[in-house]
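Asks:
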Amino acid sequence: MKILVCVKQVPESDSSFIIDDLQKWVCKGPFSYKMNRFDESALEEALSVRDKDKSAVIDVLSVGPETSKDIIRRALGMGADSGIHILCDMDGYVSPFLTASYISSYMKENHYDLVFTGAMSEDYMQGQVGPIAAEMTGLPCVSFVVKQEISYGKKSIYAERELDGGLIESFELKLPALLTIQGGINKPRYPSLSNMLRANRAEIRTISPDILSKNDPKQINLRVSVPEKRREGYLLSGSVQEKAAKLIRILSQKAFIA
Amino acid sequence: MAAMRKPDKKIIFIIAEHHESRTKSIVFELAACADKIKKFCPAEIKVIILESETEKLSFEITRATGLDAVAIEINELALYNAEIYKTVINDLAEEYFPSFIVIGHTARGLDVASGLAVRMKAACITGVEGLSEAGGRLCFKRQMFFGKINAHIAAGSEPLIITVQPGSFEAYKPDSANPGRVETRRVECFAELTRATGIRRCKFQDSSISEAKVIISAGNGIGEKENLDLIYRMADVFPGSTVGGSRILVDRGWLEYRQQVGLTGARVAPELYIACGISGASQHLAGMRDAGFVVSINKDPGAAIFNESDVCIVEDLKKFIPAFLEEYGKREI
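So, in structure tokens, the structure goes:
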């Protein structure tokens, strides 16, 4: 079983994002980056497959700037076998069609039985790269998977996805297949010290996007803006104690507390 | 069938989402979104219904919206199957040449939209919350960067597929009471690589959270599980209150599914909603936007939840809630 897991670096959620002078995009960092939470869950699913099937091999792939190597190393630290980095440092909005075309171009040259991606990235929240890459490579795909199980005899994979209202729908896909994994469905393991030492020495295969085929981006970001306030947004000031007292006054006036 | 494209009018497809032959409420929000697109460029809207039996759905949708529907009956679609959806919609697109395809930003909508875009050589913008204009072009507004930034994205060319965030548009009300026309056909289509194996209810919702007057809601920012105790203690202050939370805490097993507020949980409208350590990603906001009064406590001053709040408190809730309880205690004496 050869498994590819796609991972992305994202800024920490408490980062502040400042809109550039042209109002075209946000200013470049410096951000501290981490592995996308959904991708961590995707990698953990792959590692759980290998826990049961020792012959499974897990490659991690990231498309992004030089700093993406850090999360590839983290993935190796968590237990992935080898890392691939499609190095591209693009300014501004990167269309999912572009990212997915690099991934699918790589997938066409390198056979995998199974591809896991996060269901979306925490920063862009588009949920598109996985399904686009699947379609480009002709693989069946289920998105937002909460549970999966490989059937080695049937060469298929069973996948469950959550709908609203607590409903679960399930599918059986012929392998090779691509699943996008919902975040939080498992507990991603921490990198082990021995793996991390290995990861730091490991050679990460770096690929230039120039040798990969690339799709028309299809869509462009014209501008960015700060979300408008939909409510008053009265900001309480003072010490913690003062703020607490103010909130109690407000809630009493509104008769929420007696 | 002859191509039905009218040269002077564009076509907008709405893909109807349904469960057990009942129309999902998102369909009426999609209709409202399509109607707004029409204001930018004159177009004709068609609701596309795919099911093994479509009569009940087409009746319901064309009456409630006054929009025309194309109902495609496919035996294999007793259960939803992305492969069949993509094939059939792509075939319909080759017949009608839609400029826009409007789909719900739901688990199923996202399952179909991007793959369909590849087949149709279309652009695809997901999580759309509104329309805007930039440089004379129709743009689609969506959240980015943890809800702290809005991006305004335009298609480079037509067709364009969008997925619309639930709760972003008010349900469509038709101008006239006349029901739309339905064109029904039966087609054969089989999935080769994907087999739907079933649908079941695994988690149960009760109405307690929807009926609560006050919801104290916890998010990832609470940090440790032990801090949930603070949330429950705060809830004790309010008569008729209950504790809710965002998906991530439910995933971790810290809260029950019936307590989950947001897209895949409950849509609530309490008189008071206190968001504790909730960042305000659109998935959560979709569940609480109808609340009467919103108070948010978050140590990140840039948290998106503050845009949706009547009162904003930039504090670590581990410090704030004890202070709140202390002040409340003083007040009672």
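Protein chains in written order, with this note's numbering: chain A, 1446 to 1703; chain B, 6 to 338. Where a beta carbon is used, it is the ideal one built from N, C-alpha and C, also for glycine. Keep in mind it's a predicted model, so treat the numbers as computed, not measured.
Report yes if the CB atom of D4 of chain B is closer than 8 angstroms to the CB atom of D1459 of chain A, and no otherwise.
Replies: No answer is possible for residue 4 of chain B: the residues shown for chain B start at 6 and end at 338.
Asks: F209 of chain B: buried (16+ other C-beta within 10 angstroms of its C-beta) or exposed?
Replies: exposed
Asks: Beta-carbon of F1589 of chain A versus every beta-carbon of chain B: anything under 8 angstroms?
Replies: Closer than 8 angstroms to some Cβ of chain B, the Cβ of F1589 of chain A qualifies, so yes.
Asks: Taking the alpha carbon of K1688 of chain A as the reference point, which residue from B:I106, B:L136 and B:E332 has its own alpha carbon closest?
Replies: B:E332
Asks: Let me check one thing: in DSSP terms, what residues is Q1454 of chain A bridge-paired to?
Replies: A:M1480
Asks: Nearest by alpha-carbon distance to I214 of chain B: which of B:D40, B:E261 and B:R191 is it?
Replies: Looking at B:D40, B:E261 and B:R191, the one whose alpha-carbon comes closest to that of I214 of chain B is B:E261.
Asks: For A128 of chain B and P244 of chain B, what's the separation of their Cα atoms in angstroms?
Replies: Looking at the two C-alpha atoms, the distance is approximately 50 angstroms.
Asks: Compare the C-beta of L72 of chain B against all C-beta atoms of chain A and say whether one is closer than 8 angstroms.
Replies: For L72 of chain B, the answer is no, since every Cβ of chain A falls outside 8 angstroms of its Cβ.
Asks: Where does F243 of chain B fall in DSSP's three states?
Replies: coil
Asks: In this structure, how does DSSP classify F151 of chain B when only helix, strand and coil are distinguished?
Replies: Looking at F151 of chain B - three-state DSSP - the assignment turns out to be helix.
Asks: Does the Cβ of C144 of chain B have 16 or more other Cβ atoms within 10 Å, making it buried, or fewer, making it exposed?
Replies: buried
Asks: Count the CB pairs spanning the segment 1651-1662 of chain A and the segment 1550-1570 of chain A that are closer than 8 angstroms, and state whether there are at least three.
Replies: yes
Asks: Report back the beta-carbon spacing between F174 of chain B and A309 of chain B to the nearest angstrom; my notes put them in contact at under 8 angstroms.
Replies: Not really, about 19 angstroms apart at Cβ, beyond 8 angstroms.
Asks: Under a CB-based cut-off of 8 angstroms, is A112 of chain B close to chain A?
Replies: With 8 angstroms as the cut-off, A112 of chain B counts as an interface residue toward chain A.
Asks: Among the candidates B:W259, B:I220, B:R252 and B:S251, whose CA atom is the shortest distance from the CA of E231 of chain B?
Replies: Minimum Cα distance to E231 of chain B is reached at B:W259.
Asks: By Cβ distance, which residues of its chain are closer than 6 angstroms to L1584 of chain A, with the 5 residues on each side in sequence left out?
Replies: P1621, A1622 and L1623
Asks: Which residues share a DSSP beta bridge with A39 of chain B?
Replies: Answer is none; A39 of chain B lacks a bridge partner.
Asks: So who's on the other strand from E56 of chain B, going by DSSP bridges?
Replies: BP columns for E56 of chain B point to B:E78.
Asks: Mind pulling the chain A residues with CB within less than 7 angstroms of S314 of chain B?
Replies: R1676 and G1678
Asks: What residues from chain A crowd round R336 of chain B, counting only those whose CB sits closer than 7 angstroms?
Replies: I1693
Asks: Taking DSSP as the reference, what is the three-state secondary structure of H289 of chain B?
Replies: helix
Asks: Does F1701 of chain A come within less than 8 angstroms of chain B when only Cβ atoms are used?
Replies: yes
Asks: Based on the DSSP output, what are the partners of C317 of chain B in its beta bridges?
Replies: A:L1680 and B:S301
Asks: Can you tell me whether DSSP reads T1625 of chain A as helix, strand or coil?
Replies: strand
Asks: Using only alpha-carbon positions, find the residue among B:F45, B:E188, B:A280 and B:K178 that is nearest to F311 of chain B.
Replies: B:A280
Asks: DSSP state of V117 of chain B, grouped into three classes?
Replies: Assigned with DSSP and collapsed to three states, V117 of chain B falls in helix.
Asks: Please state whether DSSP places E332 of chain B in a helix, a strand or coil.
Replies: helix
Asks: R186 of chain B: which of B:M149, B:L72 and B:A160 sits nearest, CA to CA?
Replies: B:L72
Asks: Please classify E1530 of chain A as buried or exposed, where buried requires at least 16 neighbouring CB atoms within 10 angstroms.
Replies: The sequence shown places His at residue 1530 of chain A, rather than the Glu named in the question. Buried, because 16 or more other Cβ atoms sit within 10 Å of the Cβ of H1530 of chain A.
Asks: Have a look at M1581 of chain A and M1565 of chain A and give me their C-alpha separation to the nearest angstrom.
Replies: So the two alpha carbons sit approximately 18 angstroms from each other.
Asks: Of all the beta strand (DSSP E) runs that stay within the bounds of the segment 1486-1522 of chain A, which reach a length of 3 or more residues?
Replies: The beta strand (DSSP E) runs of length 3 or more contained entirely in the segment 1486-1522 of chain A are, from start to end of the chain, 1502-1509.
Asks: Hey, how far is the Cα of L1559 of chain A from the Cα of K1447 of chain A?
Replies: 7 angstroms
Asks: Shortest alpha-carbon distance to A98 of chain B belongs to which of B:I130, B:V123, B:V242 and B:F64?
Replies: When only C-alpha atoms are compared, the closest one is B:V123.
Asks: Spatial neighbours of Y1569 of chain A within its chain, please: CB distance less than 7 angstroms, with the 5 preceding and 5 following residues excluded, ordered by chain position.
Replies: none
Asks: Three or more beta-carbon pairs under 8 angstroms between the segment 194-212 of chain B and the segment 1610-1618 of chain A, yes or no?
Replies: yes
Asks: Does the distance from the C-beta atom of I227 of chain B to that of I236 of chain B stay below 8 angstroms?
Replies: Taking 8 angstroms as the Cβ cut-off, I227 of chain B and I236 of chain B qualify as a contacting pair.
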